[in-house]
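Presented below is the structure to which this report refers.
Residue numbers (the numbering used here), protein chains in the order written: chain A, 1 to 161; chain B, 162 to 451.
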């Protein structure tokens with residue numbers, strides 16, 4: 001049976017009352033998403049088998065409404081991480097590798113795309129620079145120390161640049 | 162954190178979305194903190210809080226925490242207080258600052274506040290300085306899930322109203338409208354490949370806002386602001402809605418109320434078309450200076 005680290009006891013707390021599903025905005029938008037059934041799948045060790053884990057907004061309203069505060073969103077995030085570790089979701093690579101590259105190369109994931117914004121930032125003294133050497137090297141060393149550089153490259157399939 | 166006679170110093174962490182898409186949020190926050198006798202510094206360099214990558218499952222909580230320590234220790238100079246303008250950054254930093262060994266290694270000791278919390282603590286003093294009347298504003302509040310439902314540490318609930326944003330809006334004499342979808346998610350965090358669901362969630366919320374008669378949406382999260390802006394502009398283009406309800410960050414609303422320039426400080430022209438900006442400005446009334 002799949003164990004979910006520090007969250008392994010969470011599914012056992014669930015009484016299958018459905019408060020999570022009744023309050024979930026994704027469940028209202030699409031019948032296929034049902035947090036109650038995802039917790040049930042987690043109880044059976046099958047959460048990582050469900051494609052529906054990718055529909056969660058991670059808004060945590062289900063946890064706020066759950067009578068026993070079962071960490072449903074956190075369990076889903078952990079399941080996503082496990083799926084990515086075994087390279088089980090190509091769409092993440094397709095849609096998000098540019099974010100990871102951006103983080104590794106410049107430190108940010110959202111960029112200025114308008115000259116008006118650029119001008120406003122300059123006039124307002126808001127030009128906080130992107131990461132540059134030697135901080136960039138220091139960050140890479142730090143990422144190695146916390147085993148993140150390897151994870152980013154392995155999970156996302158990004159070659160060293 | 163209240164403003165005080167003794168000048169205090171904070172580092173304002175601007176966040177990627179606000180700095181590079183809506184810098185008026187950052188500028189407004191800085192100007193308001195200065196008015197509250199707070200000396201504001203910015204980080205030497207920008208490094209994302211990494212919460213968006215954690216949300217997808219690309220990195221883990223331990224990595225987000227570690228990057229928060231790097232941010233605070235190396236790029237902010239290990240200050241005593243960090244102020245953020247975004248719920249995602251707030252969650253990332255607050256959770257990290259609950260502590261671990263790495264935090265001790267890097268001598269991180271900071272406390273983290275959302276700028277909305279500071280404005281809330283000082284709302285009465287700020288209201289006394291107001292120079293622009295907001296009494297024609299009907300405000301639909303959207304606090305944002307990562308402050309409402311995933312708190313780390315003591316998040317503030319409302320005293321006069323339901324939440325801190327309502328308290329601030331009421332202090333500035335705006336009226337707050339209730340709407341059915343007030344506490345639901347903006348839908349902005351959905352993974353990119355579920356396009357149909359991605360548009361139906363904010364659409365339902367925005368329809369509820371419009372039915373309430375609101376003429377402005379007030380939030381404390383630049384990411385939610387971006388979702389409301391993008392979805393409304395798309396729906397308008399498709400002729401599925403007749404009007405757009407402008408969305409303001411709480412720092413922008415307070416800045417405008419205090420008479421700071423809606424363009425040069427709040428940067429509203431960067432987040433709404435001229436016609437909508439004019440419509441919003443027509444709702445603002447002059448007040449005699451205090």
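Glycine included, C-beta positions come from ideal geometry on N, C-alpha and C.
Spatial neighbours of residue i in its chain, beta-carbon cut-off 8 Å, leaving aside the 5 residues before and after
i                     : result
residue 351 (chain B) : 358, 359, 362
residue 332 (chain B) : 284, 285, 287, 288, 321
residue 220 (chain B) : 211, 214
residue 268 (chain B) : 234, 239
residue 437 (chain B) : 405, 407
residue 27 (chain A)  : 21, 33, 34, 35
residue 67 (chain A)  : 15, 17, 19
Through-space distance from residue j to residue i, alpha-carbon basis
i                     : j                     : result
residue 384 (chain B) : residue 178 (chain B) : 7 Å
residue 152 (chain A) : residue 261 (chain B) : 22 Å
residue 51 (chain A)  : residue 279 (chain B) : 41 Å
residue 252 (chain B) : residue 308 (chain B) : 7 Å
residue 147 (chain A) : residue 271 (chain B) : 25 Å
residue 282 (chain B) : residue 48 (chain A)  : 44 Å
residue 35 (chain A)  : residue 312 (chain B) : 20 Å
residue 338 (chain B) : residue 423 (chain B) : 23 Å
residue 378 (chain B) : residue 370 (chain B) : 8 Å
residue 244 (chain B) : residue 199 (chain B) : 11 Å
residue 391 (chain B) : residue 75 (chain A)  : 30 Å
residue 222 (chain B) : residue 446 (chain B) : 46 Å
residue 53 (chain A)  : residue 77 (chain A)  : 8 Å
residue 123 (chain A) : residue 116 (chain A) : 11 Å
residue 167 (chain B) : residue 241 (chain B) : 15 Å
residue 296 (chain B) : residue 336 (chain B) : 7 Å
residue 439 (chain B) : residue 298 (chain B) : 14 Å
residue 145 (chain A) : residue 136 (chain A) : 14 Å
Test: residue i CB closer than 8 Å to a CB of chain A
i                     : result
residue 348 (chain B) : yes
residue 211 (chain B) : yes
residue 314 (chain B) : no
residue 310 (chain B) : yes
residue 257 (chain B) : no
residue 288 (chain B) : no
residue 240 (chain B) : no
residue 123 (chain B) : Since the displayed chain B opens at 162 and closes at 451, residue 123 (chain B) lies outside it and no answer follows.
residue 221 (chain B) : yes
residue 177 (chain B) : yes
residue 407 (chain B) : no
residue 386 (chain B) : no
residue 182 (chain B) : yes
Any C-beta of chain B under 8 Å from that of residue i
i                     : result
residue 144 (chain A) : no
residue 30 (chain A)  : yes
residue 58 (chain A)  : yes
residue 12 (chain A)  : no
residue 170 (chain A) : Shown here, chain A extends from 1 to 161; a query on residue 170 (chain A) therefore has no answer.
residue 153 (chain A) : no
residue 129 (chain A) : yes
residue 22 (chain A)  : no
residue 19 (chain A)  : no
residue 156 (chain A) : yes
residue 163 (chain A) : Any question about residue 163 (chain A) goes unanswered here, given that chain A covers just 1 to 161.
residue 84 (chain A)  : yes
residue 7 (chain A)   : no
residue 81 (chain A)  : yes
residue 138 (chain A) : yes
residue 91 (chain A)  : yes
residue 124 (chain A) : yes
residue 67 (chain A)  : no
Same chain, Cβ closer than 7 Å to residue i, neighbours up to 5 away in sequence not counted
i                     : result
residue 305 (chain B) : 248, 380, 381, 382, 385
residue 216 (chain B) : 350
residue 193 (chain B) : 280, 412, 415, 416
residue 230 (chain B) : 257, 263, 264, 267, 269
residue 186 (chain B) : 179, 246, 383, 410, 412, 413
Cβ-heavy atom distance, residue i to the ligand ATP, below 7 Å
i                     : result
residue 300 (chain B) : Only the bare structure without any ligand can be found here, which leaves the ligand ATP out of the picture.
Nearest-angstrom Cβ-Cβ length linking residue i and residue j, presumed shorter than 8 Å
i                     : j                     : result
residue 301 (chain B) : residue 375 (chain B) : 4 Å
residue 255 (chain B) : residue 226 (chain B) : Not confirmed; about 11 Å, so no contact.
residue 293 (chain B) : residue 448 (chain B) : 6 Å
residue 182 (chain B) : residue 387 (chain B) : 6 Å
residue 419 (chain B) : residue 120 (chain A) : With a Cβ gap of about 19 Å, residue 419 (chain B) and residue 120 (chain A) do not count as contacting.
Beta-carbon proximity list for residue i, same chain, < 6 Å, skipping 5 on both sides
i                     : result
residue 205 (chain B) : 236
residue 433 (chain B) : 407
residue 452 (chain B) : Any question about residue 452 (chain B) goes unanswered here, given that chain B covers just 162 to 451.
residue 342 (chain B) : 366, 369
residue 394 (chain B) : none
**OP:** Check distances from the C-beta atoms of the stretch 94–116 of chain A to those of chain E and list, in chain order, the residues that come in under 9 Å.
**Re:** Structure shown: chain E not included; protein chains present are A and B.
Original post:
Quick one, which residues of the stretch 336–361 of chain B are near chain A if we go by CB-CB under 7 Å, in chain order?
Top reply: Cβ contacts with chain A come from 345, 346, 348, 350, 351, 352, 353, 354, 355, 358, 361.
Subject >> Interface positions of the stretch 189–217 of chain B facing chain A (Cβ-Cβ less than 9 Å), listed along the chain >> reply: Hits within the stretch, in order: 191, 203, 204, 205, 206, 207, 208, 209, 211, 213, 214, 215, 216, 217.
**OP:** Using a Cβ-Cβ cut-off of less than 9 Å, list which residues of the stretch 38–64 of chain A approach chain B; keep chain order.
**Re:** The stretch 38–64 of chain A vs chain B, Cβ under 9 Å: 53, 54, 55, 56, 57, 58, 59, 60, 61, 62, 63, 64.
**OP:** Please name the residues in the stretch 428–440 of chain B whose beta-carbon is closer than 7 Å to at least one beta-carbon of chain A, in chain order.
**Re:** The stretch 428–440 of chain B vs chain A, Cβ under 7 Å: 428, 431.
**OP:** Return the residues of the stretch 224–236 of chain B that lie within a Cβ-Cβ distance of less than 7 Å from chain A, sorted by chain order.
**Re:** If the cut-off is 7 Å between Cβ atoms, the stretch 224–236 of chain B has 224, 227, 231, 235 near chain A.
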